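J.: Would you mind keeping the following structure in view while I ask a few things?
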Amino acid sequence: MLQVQLPDGKILECADNASAMDVAMQIGPRLAKATVAARIGDRTVDATRPLTTFTDQRPVPLRLLTDRDPESLDVLRHSCAHVMARAVMRLFPDVSLAFGPTIAGGYYYDFDLKHKLSEDDFAAIEAEMAKIVGQEEPFEQFSLGRPEATQLCSDLKQSLKVEHIQTGLAEHEQLGFYRQGEFVDLCRGPHIPHAGYIKAFKLMSVAGAYWKGDAAGRQLQRVYGTAWFSPKDQQAYLDQIEEARRRDHRVLGKKLGLFHITPDVGQGLCLWLPKGARIRVLLEEFLRNELLQRGYQPVYSPHLGRVELYETSGHFPYYRDSQFPPLFTAQAGGLVDAWIEMLKKDEPLAEDAEARLFQAAQVLGVEIEGFDLSLAKDEKLKLLNQWQRQHERYLVKPMNCPHHAQIFKAQPRSYKQLPLRLFEFGTVYRYEQTGELNGMLRVRGLTQDDAHIFCTDDQVEEEFRNTIELTKFVLKSVGLSDYRVQLSLRDPNSNKYVGSEENWSRAEAALRKVLEESGLEFHAREGEAAFYGPKADFMVRDCIGRQWQLGTVQLDYNLPERFQLEYVGADNKMHRPVMIHRAPFGSMERFCGMLIEHFAGAFPLWLAPEQIRILPLSEKSNDYALQLEKELTDAGFRVTTDLRGAKVQAKIRDAQVELIPYMAVVGPKEAETHSAALRDRLQGDLGAMPVSEMIAKLTEEVRERSIRHVVKSELPTAEETSKEVANEY
RNA sequence: GCUGCUGUAGCUCAGUGGUAGAGCACUUCCUUGGUAAGGAAGAGGUCAUGGGUUCAAGUCCCAUCAGCAGCUCCA
2 MLQVQLPDGK ILECADNASA MDVAMQIGPR LAKATVAARI GDRTVDATRP
52 LTTFTDQRPV PLRLLTDRDP ESLDVLRHSC AHVMARAVMR LFPDVSLAFG
102 PTIAGGYYYD FDLKHKLSED DFAAIEAEMA KIVGQEEPFE QFSLGRPEAT
152 QLCSDLKQSL KVEHIQTGLA EHEQLGFYRQ GEFVDLCRGP HIPHAGYIKA
202 FKLMSVAGAY WKGDAAGRQL QRVYGTAWFS PKDQQAYLDQ IEEARRRDHR
252 VLGKKLGLFH ITPDVGQGLC LWLPKGARIR VLLEEFLRNE LLQRGYQPVY
302 SPHLGRVELY ETSGHFPYYR DSQFPPLFTA QAGGLVDAWI EMLKKDEPLA
352 EDAEARLFQA AQVLGVEIEG FDLSLAKDEK LKLLNQWQRQ HERYLVKPMN
402 CPHHAQIFKA QPRSYKQLPL RLFEFGTVYR YEQTGELNGM LRVRGLTQDD
452 AHIFCTDDQV EEEFRNTIEL TKFVLKSVGL SDYRVQLSLR DPNSNKYVGS
502 EENWSRAEAA LRKVLEESGL EFHAREGEAA FYGPKADFMV RDCIGRQWQL
552 GTVQLDYNLP ERFQLEYVGA DNKMHRPVMI HRAPFGSMER FCGMLIEHFA
602 GAFPLWLAPE QIRILPLSEK SNDYALQLEK ELTDAGFRVT TDLRGAKVQA
652 KIRDAQVELI PYMAVVGPKE AETHSAALRD RLQGDLGAMP VSEMIAKLTE
702 EVRERSIRHV VKSELPTAEE TSKEVANEY
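This is how it looks when you write it as structure tokens:
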């Protein structure tokens with residue numbers, strides 16, 4: 002007999018070869034019907050295979066998973082991925098399968114296929130899937146040794162699977178497969194008992210993807226789908242996607258006149274229209290006041306800096322490809338620069354090509370003493386670099402920190418001045434890849450609410466704690482309360498990082514300690530750190546459950562080293578300060594873009610670009626309306642008056658559509674009593690009230706920075722999209 | 001950067017080789033109103049750009065630019 006222990010501690014006696022399904026049946030047929038999979042320890046397993054195949058532990062620690070457990074959805078979706086692959090294979094027999102894991106909200110499967118899939122194919126695939134689901138065939142697991150597994154995949158003409166067994170799975174002695182009817186797939190599982198458990202599914206989109214995520218590798222076609230235990234759940238999911246689409250900041254930004262991006266200015270370069278700029282100014286003023294109170298000092302730095310500055314900081318060599326190319330004052334600068342880059346590459350430059358470069362350089366007035374084409378590569382590089390250093394080269398700044406480091410260096414520093422907190426809304430430019438650009442969320446010119454804190458080793462913890470507090474305060478003020486922190490640490494197996502082992506360990510330990518003490522939800526991730534230090538990023542969830550990376554705090558032991566920053570300590574010796582980079586908003590562009598989506602364009606009163614619109618009943622009341630506009634403007638509000646010769650209903654509708662928080666309807670009655678009929682965008686008519694009362698009410702709402710009208714997502718939010726390929730080997 | 005899709009009026013879009021269209025917005029006129037669209041008239045286009053095929057191209061082909069989705073990247 003096999004002993005099984007359920008979550009409530011109860012022990013059941015079962016047959017030696019019992020499966021989770023058998024256990025469920027033993028408890029009750031209704032439970033058995035609802036059972037989808039099972040959990041043994043922290044592993045999700047098939048409900049239909051003997052428990053003894055999964056564990057040697059006795060009694061077996063078993064938790065049955067029904068369609069109500071979140072883990073079950075992953076199982077269902079992965080099975081649905083198999084169903085989809087099977088359908089695709091029936092329609093396109095020459096298809097070669099890659100991977101088909103679950104992801105947040107659904108699943109995908111990558112195909113290598115001659116036929117170019119498009120959404121037009123979805124109906125046929127879905128129809129085939131419906132047939133498969135209707136047949137309710139079971140998923141049957143079996144294992145093979147390496148040679149047999151390789152042979153099987155090869156017989157099935159699945160070359161990608163063969164490749165994967167030989168490379169990615171080189172360590173595995175036994176390889177698992179699942180069979181469903183004629184469809185066999187190399188797969189770790191687990192799966193639902195049979196396809197009939199899929200009560201709702203839908204193909205969502207098709208896109209390109211790379212084999213094993215390698216941009217240099219083969220391009221595959223990826224079909225995304227979703228699957229649910231009930232059509233109702235699926236509809237709720239589709240509704241949420243629709244809601245996200247409605248909130249798209251690019252659409253709202255256009256509709257509400259907040260910002261504009263045009264190829265006439267350049268890709269990824271954002272124009273802030275008056276109303277969008279208004280929101281930004283308000284946020285900047287809010288933060289500036291807060292920083293001044295917290296002992297920060299404002300600084301300004303130029304948009305350009307010498308290339309050498311960024312060579313010193315390390316940014317230029319490391320990020321060269323994602324920066325705008327250097328600017329040269331000498332005419333031939335670009336040519337020499339390109340020449341150097343070509344020489345640096347391993348493949349040798351054709352001799353006549355280099356001769357022509359040399360000639361062109363000479364035409365452009367480059368004179369390099371002692372240069373000869375017959376010189377060794379290193380010699381040539383030395384002379385060309387020497388020429389470059391004798392001529393000015395500038396970079397549009399990709400980072401503010403080197404400038405701020407220079408401000409620190411501008412005078413001798415004493416420990417008494419530390420911590421020195423320098424802040425600037427600094428605009429930086431980065432040459433992001435075309436495919437990455439996305440409205441205001443990913444741009445090529447962005448303004449960071451940047452600051453650098455220079456402090457002693459002893460102050461690091463306290464300063465880091467303060468920045469965490471600041472970020473918490475800022476997020477709270479704009480009504481963002483659902484967030485957690487991602488602590489990004491170095492990848493111990495990589496050598497892309499600069500700085501000593503010891504500094505890294507110290508920095509990582511300090512961050513972890515403060516985060517632990519802060520009570521914030523945080524999780525650590527290795528390999529996500531910046532090249533110069535570990536960081537803590539604020540991952541903020543908006544009102545419909547999407548996650549955004551906004552504020553960031555980064556520790557840096559490296560830059561002070563590179564810039565040779567020093568201060569005089571109490572011991573009259575020179576010491577190296579530590580630098581903390583921090584930006585509670587992150588970038589103004591990204592933050593505002595996120596806020597637009599979070600509020601669906603309906604900003605709270607304190608941030609609304611237009612707070613009140615005065616609607617005169619007819620032209621007869623225009624004079625009073627304008628008088629009221631002046632009064633409200635003097636009281637500090639952002640007000641306009643709708644003087645069009647339209648009916649008040651039409652004016653109301655337009656103001657509603659433009660998401661103006663308050664309307665003030667005025668007619669002869671109001672003019673007589675110096676009042677206004679206030680209309681709340683959300684609650685409707687609030688009735689007439691004296692102007693003084695209205696000012697008091699709205700002033701209070703601004704002062705409190707009240708947030709109303711934010712919807713809360715009904716759906717459980719998908720856990721952050723994991724990079725791991727679940728369900729796959 | 002890669003793969004795929006898209007580009008027609010300020011906006012949203014229709015137009016499948018034969019005279020450039022609609023709704024909204026805009027302008028003017030009428031209407032002077034009490035909480036989500038009053039009426040009429042008018043103006044607005046090098047059909048993204050450049051080539052090509054054709055008697056004829058918004059429509060077919062090629063290139064470029066830009067946008068969208070996904071991948072890859074993100075100091």
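Taken in order, the first sequence gives residues 2 to 730; the numbers are from the numbering used here. We put the CB at the ideal spot given by N, CA and C, even for glycine. Given the structure is predicted, the values throughout are model-derived calculations rather than measurements.
(1) Name the one or two DSSP bridge partners that Gly534 has.
(2) Do Asp186 and the ligand ADP come close, with the Cβ less than 6 Å from some heavy atom?
(3) May I have the straight-line CA-CA distance separating Gly668 from Pro691, to the nearest angstrom?
(4) Out of Glu517, Arg491, Glu522 and Glu567, which has the shortest C-alpha to C-alpha gap to Ala531?
(5) Ignoring anything shorter than 3 residues or poking outside the stretch 313-342, list the beta strand (DSSP E) runs there in chain order.
(6) Check each candidate in Ala584, Ala511, His261 and Leu629 and name the one with the smallest Cα separation from Val475.
(7) Bridge partners of Val640, per DSSP?
(8) Under three-state DSSP, which class holds Val61?
(9) By the three-class DSSP mapping on this structure, what secondary structure does Ser506 have?
(10) Please report the distance separating the alpha-carbon of Pro8 from that of Arg64.
(11) Starting from the C-beta of Met90, find all residues in its chain whose C-beta is less than 7 Å away, skip the five residues before and the five after it, and write them out in chain order.
(12) So, helix, strand or coil for Asp483, using DSSP?
(13) Report the three-state DSSP secondary structure of Glu141 (helix, strand or coil).
(14) Lys417: which of Pro62, Ile28 and Ala571 sits nearest, CA to CA?
(15) Thinking Glu462 and Ile581 are a contact (beta carbons under 8 Å), I'd like their distance in whole angstroms, please.
(16) Roughly how many angstroms lie between the CA atoms of Glu527 and Ser495, to the nearest whole one?
(17) Is DSSP giving Cys188 helix, strand or coil here?
(18) So the candidates are Glu611, Leu633 and Gln136; which of them puts its Cα closest to the Cα of Ala697?
(19) Quick one: Cα of Gln181 to Cα of Ala537, how far?
(20) Determine the extent of the alpha helix (DSSP H) in which Pro669 is found, giving its start and end residues.
(21) Looking at the structure shown, is Lys158 part of a helix, part of a strand, or coil, going by DSSP?
(22) Hey, how far is the Cα of Gln650 from the Cα of Glu244?
(23) Would you decide whether Pro399 is buried or exposed? Buried here means 16 or more other CB atoms lie within 10 Å of its CB.
(24) The alpha helix (DSSP H) that contains Tyr395, what's its start and end?
(25) Closest by CA to His392, which one among Gln412, Leu328, Arg414 and Gly427?
(26) Whether or not the stretch 586-598 and the stretch 250-259 are in contact is what I'm after, with contact meaning three or more pairs of Cβ atoms, one per stretch, closer than 8 Å; do they touch?
(27) Who are the near neighbours of Cys154 in its chain, counting only those whose CB is closer than 7 Å to its CB and skipping five residues on each side?
(28) Quick check on Ser97: does DSSP put it in helix, strand or coil?
(29) With Thr472 as the anchor, note down where its beta strand (DSSP E) starts and where it stops.
(30) With a threshold of 8 Å, are at least 3 pairs of Cβ atoms found where one atom belongs to the stretch 447-461 and the other to the stretch 320-338?
(31) Within 10 angstroms of its Cβ, does Asp111 collect 16 or more other Cβ (buried), or is it exposed?
(32) Among residues of its own chain, excluding the 5 on either side of Ala228, which ones have a beta-carbon nearer than 6 Å to its beta-carbon?
(33) Hey, out of Arg547, Gly296, Asp655 and Gln236, whose CA is closest to Ile615's CA?
(34) So Leu566 and Gly534 are in contact, right, with Cβ under 8 Å, and what is the actual spacing, rounded?
(35) Tell me which residues share the same chain as Tyr484 and place their Cβ nearer than 7 Å to its Cβ, disregarding the 5 neighbours each side in the sequence.
(36) May I ask you to verify whether the stretch 9-28 touches the stretch 49-67, counting CB pairs closer than 8 Å and requiring at least 3?
T.: Once the coordinates are examined:
(1) Ala531
(2) No copy of the ligand ADP occurs in the structure displayed, which carries no ligand at all.
(3) 13 Å
(4) Nearest C-alpha to Ala531: Arg491.
(5) For the stretch 313-342, not a single whole beta strand (DSSP E) run of length 3 or above is found.
(6) Nearest neighbour of Val475 by Cα position, chosen from Ala584, Ala511, His261 and Leu629, turns out to be Ala584.
(7) Val640 is bridged to Ile613.
(8) strand
(9) Judged by DSSP in its simplified three-state form, Ser506 adopts helix.
(10) 6 Å
(11) Val96 and Phe184
(12) coil
(13) Reduced to three states, the DSSP call for Glu141 is strand.
(14) Minimum Cα-Cα distance from Lys417 among the listed residues Pro62, Ile28 and Ala571 corresponds to Ala571.
(15) About 11 Å separates the two Cβ atoms, so there is no contact after all.
(16) Their Cα atoms are separated by approximately 11 Å.
(17) Reduced to three states, the DSSP call for Cys188 is coil.
(18) Leu633
(19) Rounded to the nearest angstrom, the two C-alpha atoms are 46 Å apart.
(20) Pro669 to Thr674
(21) coil
(22) Near 27 Å, if we compare the C-alpha coordinates of Glu244 and Gln650.
(23) buried
(24) Premise fails: Tyr395 lies in the beta strand (DSSP E), Arg394 to Val397, not in any alpha helix (DSSP H).
(25) Leu328
(26) The stretch 250-259 and the stretch 586-598 touch, with no fewer than 3 CB-CB distances between them shorter than 8 Å.
(27) Lys162, Val163, Ile166 and Leu187
(28) Of the three classes helix, strand and coil, the one that applies to Ser97 here is strand, per DSSP.
(29) Unbroken run through Thr472 is the alpha helix (DSSP H), Val461 to Ser478; no beta strand (DSSP E).
(30) no
(31) buried
(32) Leu77, Arg78, Cys81, Ile199 and Phe202
(33) Taking Ile615 as reference, the option from Arg547, Gly296, Asp655 and Gln236 with the minimal CA-CA separation is Asp655.
(34) 14 Å between Cβ atoms; not a contact.
(35) Leu476, Phe539, Met540, Val541 and Arg542
(36) yes
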